[in-house]
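Here the structure is laid out as structure tokens; the discussion comes afterwards.
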Amino acid sequence: MDRNNLAFDLDAIMDQLADSDLGEDFDDDNDWHPPGQLTNSSSDNEDEQEARNSTVASPSSSNKWIRRRFIGKPMPTLISEPTEEVLTPSEYFDRYFTEEIYELFAFNTNVYYQLSFNKQLNPPVTATEIKKFFGINGILGCIRYPRIKMVWMQRFRLSCIAEAMARERFFLLRVNLHIVDKGSVSPEI
């Protein structure tokens, strides 16, 4: 079939559909009766009369959009209570990770290492070292390396991390970091 005949056939189909009396409200007709059955309802005649007498509303062509400047109403001003001073990200972090928590991390990391290897960690972990460890992990979370060891390699060195802590010390803390004394936890938990 060539394309011109196809277009003609499509136009003919669309015309037939447009002339159809099938509408969206076809299923809503509660008064429909199969052909051949007579109804004695007087309301049918009244409905038909109303339908003949009523005029069909057509869209008005006088509706035109006019461009006007928007004039908004001013919003009521709210008097709010003075807000708290906006803190820096590190100040928010320090609110939840206090000096006591860092000391607890350091103490329990030293205890865990001693229980695991039957010797003391030399030098013992300090709260300052734990802070550096958290800072390094924060930076590593933002800057992706295929391997963490690459941060300390000469070619890919990230000096803010490499100068803050030695690679072996970082991995030692990473493996042994504890906040709770392993011996004081009951087995029920």
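According to my numbering, the sequence shown is numbered sequentially starting from 164. Heads up, the beta-carbon is just placed ideally off N, CA and C, and yes, glycines get one too.
DSSP state of residue i mapped onto helix, strand, coil
i, result
"I302", "helix"
"F260", "coil"
"Q317", "coil"
"A327", "coil"
"I229", "coil"
"V274", "helix"
"V338", "helix"
"I242", "coil"
"Q179", "helix"
"G346", "helix"
Other residues of its chain near residue i: CB distance less than 7 Å, five sequence neighbours each side excluded
i, result
"I324", "I299, I302 and V314"
"K282", "none"
Within 7 Å, strictly: CB atoms of residue i and residue j
i, j, result
"F268", "I242", "no"
"H329", "K295", "Checking the sequence, you will find Ala at residue 329 rather than His. Not in contact: A329 and K295 (Cβ atoms no closer than 7 Å)."
"T272", "V249", "no"
"Y276", "L284", "yes"
Contact set for residue i: own chain, Cβ-Cβ below 8 Å, skip 5 residues either direction
i, result
"I342", "I264, L267, F268 and N271"
"R258", "L250"
Residues near residue i by beta carbon distance below 6 Å, same chain, minus five either side
i, result
"N339", "T272, Y275 and Y276"
Residue closest to residue i, alpha-carbon to alpha-carbon, out of the options
i, options, result
"S279", "D174, G346, E244 and L173", "G346"
"L336", "F297, D344 and G235", "F297"
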